[in-house]
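Student: Position one of the sequence shown corresponds to residue 1 (the UniProt record's numbering), numbered consecutively onward. All C-beta atoms in this analysis are idealised placements derived from N, C-alpha and C, irrespective of residue type, glycine included.
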Amino acid sequence: MSNSNPVYPVIWHDDRVLLIDQTRLPQEYTVVEIRHYEDMAAAIKTMIVRGAPAIGVAAAYGMYLGARAIAATDRQQFLSELETVAETLRQTRPTAVNLFWAIARMLKTARGTLGSVDHLKAVLLETAQTIQAEDLQTCRAIGEHGLNALPKTPEKLRLLTHCNAGALATAGYGTALGVVRSAWIAGRLERLYADETRPRLQGAKLTAWECVQEGIPVTVIAEGMAAHCMNRGMVDAVVVGADRIAANGDTANKIGTYQVAIAARAHGIPFFVAAPFSTVDFELASGREIPIEERDPVELYQIGTTRLTPERGVDYYNPAFDVTPASLIAAIVTERGAIAPGELAQWRGVQAG
């Protein structure tokens, strides 16, 4: 993939949404057609589309698909049925705040738009498309701000990331991987180390796939190897994405991120979070209030059709996310710049959306 042929995981085309099925990568590139909001909810829940910003874009289109199917011509009846659509979408992934932010923006647009129900539906489609376009612009800005925040030496950096926060996780370009892309384009990247990211292996499957498309040098490691690589002097900085950031800077990201942050602190390596400003949830004072999704234990005990553990006598705990304390984060890189976690509060009055 070149910059002239980017990856877009969510596309509006001919009155339907096209999603890259991320559960089939890298073995198979498949596009799924979504025409109904219930199918969009299922696609989000089963991680056909994943990554907080991409989930937000998908949810916005899901709201439009739901709105399109509402037969009511009475405005209040329409808004009531649209709330049912919103609640179905809210139930899919509890941790990713972009999901709730996009749904809230679509509802606010619906309530604030005058005119016929048909006009309201048209405005909702325009709003979903705007959310998508804004996210792509945001990611490119994050990439540039992140590049400026990275260590100035050495000239060629070895970066480490966890999970996938690339084009596949956003409207395109990526957040954490957007910073990596910007470093690569600027000639400042020597190599990316990608944690494999158990149990769903997003780093091994998705981040590595994206890097291969663009010729970015990438080495996949098990997350249990991250501290070892740091100790060997192989990593200059860590850049990860985020699914929700509390007002104090505590950050929820894919499970395993917290231990990478601890290892980075122990080795004096800067740890950056890259995310749209909409990922900051100012209603939550700290990371202790962030809801953590728990997923089906089959993700732990089975890969494909191969079982990894004994069939009986074993219990499982499968949280999808953990929370990295703000004290371990050098900066939160947003489209507004690299912000120290302790300075987030001053931005509350100018929150996006």
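Express the C-alpha separation of Ser182 and Leu344 in angstroms, rounding to a whole number.
Tutor: Reading the sequence shown from its first residue, position 344 is the one you call residue 344. Reading the sequence shown from its first residue, position 182 is the one you call residue 182. Between Leu344 and Ser182, the C-alpha separation is close to 24 Å.
Student: Going by C-alpha distance, which of Gly249, Leu18 and Gly146 is nearest Trp184?
Tutor: Numbered from its first residue, the sequence shown carries residue 184 at position 184. Nearest C-alpha to Trp184: Gly146.
Student: Output needed for Ile245: all residues of its chain with C-beta closer than 6 Å, excluding positions within five of it in sequence on either side, in chain order.
Tutor: In the sequence shown, counting from the first residue as 1, residue 245 sits at position 245. Excluding residues within five positions, the ones whose Cβ falls inside 6 Å are Thr251, Thr279 and Val280.
Student: Cα separation between Ala52 and Glu335?
Tutor: Position 52 of the sequence shown holds residue 52. Position 335 of the sequence shown holds residue 335. Taking the straight line from one Cα to the other gives about 15 Å.
Student: In the region 161-222, which residue ranges form an unbroken alpha helix (DSSP H) of at least 4 residues, counting only runs that do not cross its ends?
Tutor: Listed in chain order, the complete alpha helix (DSSP H) runs (minimum 4 residues) inside the region 161-222 are 176-185 and 208-214.
Student: Does the separation of the CB atoms of Gln22 and Met47 fall below 9 Å?
Tutor: Taking the sequence shown and counting its residues from 1, one reaches residue 22 at position 22. Taking the sequence shown and counting its residues from 1, one reaches residue 47 at position 47. The answer is yes: Cβ separation under 9 Å.
Student: Counting along the chain, where does the alpha helix (DSSP H) carrying Phe100 start and finish?
Tutor: Position 100 of the sequence shown, counted from the first residue, corresponds to residue 100. Phe100 -> alpha helix (DSSP H) spans Val97 to Gly112.
Student: So, using beta-carbon positions, are Ala169 and Pro319 closer together than 9 Å?
Tutor: Taking the first residue of the sequence shown as 1, we reach residue 169 at position 169. Taking the first residue of the sequence shown as 1, we reach residue 319 at position 319. Cβ distance not < 9 Å, so Ala169 and Pro319 don't count as in contact.
Student: With H, G and I counted as helix, E and B as strand and the rest as coil, what does DSSP make of Pro94?
Tutor: In the sequence shown, residue 94 corresponds to position 94, counting from 1. DSSP places Pro94 in coil when its eight states are reduced to three.
Student: Comparing alpha-carbon positions, which option in Val97, Phe78 and Glu87 lies nearest Thr113?
Tutor: Indexing the sequence shown from 1 puts residue 113 at position 113. Nearest of Val97, Phe78 and Glu87 to Thr113, Cα basis: Phe78.
Student: Looking at Arg111: is its Cβ nearer than 9 Å to the Cβ of Phe100?
Tutor: Working through the sequence shown from its first residue, we reach residue 111 at position 111. Working through the sequence shown from its first residue, we reach residue 100 at position 100. No; because the gap between Cβ atoms is not below 9 Å, this pair is not in contact.
Student: Going by the CB atoms, is the gap between Glu190 and Pro154 shorter than 9 Å?
Tutor: Counting from 1 along the sequence shown, the entry for residue 154 is found at position 154. Counting from 1 along the sequence shown, the entry for residue 190 is found at position 190. A contact, by the Cβ cut-off of 9 Å.
Student: How long is the line joining the alpha carbons of Glu293 and Phe321, rounded to whole angstroms?
Tutor: In the sequence shown, residue 293 corresponds to position 293, counting from 1. In the sequence shown, residue 321 corresponds to position 321, counting from 1. Distance between the alpha carbons of Glu293 and Phe321: 7 Å.
Student: Contact between the region 56-68 and the region 127-139 is defined here as three or more beta-carbon pairs at a separation below 8 Å; is this criterion met?
Tutor: Verdict: yes, contact present.
Student: Quick one: which unbroken alpha helix (DSSP H) runs of 4-plus residues sit fully inside the region 52-92? Chain order, please.
Tutor: Qualifying alpha helix (DSSP H) stretches, in chain order: 52-69 and 75-90.
Student: DSSP puts Gln302 in a beta bridge; with which residues?
Tutor: Position 302 of the sequence shown, counted from the first residue, corresponds to residue 302. Gln302 pairs with Arg307.
Student: So residue 366 packs on Ile332, CB below 8 Å; how close in whole Å?
Tutor: Absent from the model: residue 366. The displayed extent of the chain is 1 to 353, so no value can be given.
Student: Please state whether the Cβ-Cβ distance between Cys139 and Gly172 is less than 9 Å.
Tutor: Position 139 of the sequence shown, counted from the start, is the residue given in the question as residue 139. Position 172 of the sequence shown, counted from the start, is the residue given in the question as residue 172. Their beta carbons are under 9 Å apart, which means Cys139 touches Gly172 by this criterion.
Student: Report the rounded CA-to-CA distance for Asp15 versus Ala67, giving the unit in angstroms.
Tutor: What you label residue 15 is simply residue 15 of the sequence shown in a count that begins at 1. What you label residue 67 is simply residue 67 of the sequence shown in a count that begins at 1. Answer to the nearest angstrom: the Cα atoms are 13 Å apart.
Student: Measuring alpha carbon to alpha carbon, tell me which residue in Tyr258, Lys254, Phe271 and Ala263 is nearest Val239.
Tutor: Looking up residue 239 in the sequence shown gives position 239. Of Tyr258, Lys254, Phe271 and Ala263, the residue nearest in Cα terms is Phe271.
Student: Ala102 and Ile55: beta carbons closer than 9 Å?
Tutor: Translated into positions along the sequence shown, residue 102 becomes position 102. Translated into positions along the sequence shown, residue 55 becomes position 55. Against a cut-off of 9 Å, the Cβ pair of Ile55 and Ala102 comes out as a contact.
Student: Are there 16 or more other CB atoms within 10 angstroms of the CB of Tyr317, so buried, or fewer, so exposed?
Tutor: The residue labelled residue 317 in the question sits at position 317 within the sequence shown. Classification for Tyr317: exposed.
Student: With a CB to CB cut of under 7 Å and the five nearest residues on each side skipped, what residues in its chain are close to Asn3?
Tutor: Taking the sequence shown and counting its residues from 1, one reaches residue 3 at position 3. Legend: pLDDT at Asn3 = 44, less than 50; position of this residue unreliable, no value from coordinates given.
Student: Can you list, in chain order, the residues of its chain with a C-beta nearer than 6 Å to that of Ala261? Leave out the 5 residues immediately preceding and following it.
Tutor: Numbered from its first residue, the sequence shown carries residue 261 at position 261. Here the set comprises Phe271, Thr324 and Leu328.
Student: With three or more beta-carbon pairs closer than 8 Å as the criterion, would you say the region 215-230 touches the region 295-309?
Tutor: The region 215-230 vs the region 295-309: no contact.
Student: In this structure, does DSSP put Val314 in helix, strand or coil?
Tutor: Taking the first residue of the sequence shown as position 1, residue 314 is located at position 314. Correct three-state label for Val314: coil.
Student: Quick check on the DSSP output: the alpha helix (DSSP H) that includes Gly224 runs from which residue to which?
Tutor: As a first step, residue 224 must be located in the sequence shown, where it is residue number 224. Unbroken run through Gly224: none, as it is neither H nor E.
Student: Taking the alpha-carbon positions, what's the Ser116 to Val17 distance?
Tutor: Mapped onto the sequence shown, residue 116 falls at position 116. Mapped onto the sequence shown, residue 17 falls at position 17. Their backbone Cα atoms lie some 24 Å apart in a straight line.
Student: Using the rule of at least 16 other Cβ atoms within 10 Å of the residue's Cβ for burial, across every protein chain shown, is residue 391 buried or exposed?
Tutor: In the structure displayed, the chain extends from 1 to 353; residue 391 sits before or after that span and is not available.
Student: Between Gly249 and Thr109, what straight-line distance do the alpha-carbon atoms span, to the nearest angstrom?
Tutor: As a working mapping, residue 249 is identified with position 249 in the sequence shown. As a working mapping, residue 109 is identified with position 109 in the sequence shown. Cα to Cα, Gly249 sits roughly 29 Å from Thr109.
Student: Report buried or exposed for Ala133, applying the criterion of at least 16 other Cβ atoms within 10 angstroms of its Cβ.
Tutor: Taking the first residue of the sequence shown as 1, we reach residue 133 at position 133. Under this definition Ala133 is an exposed residue.
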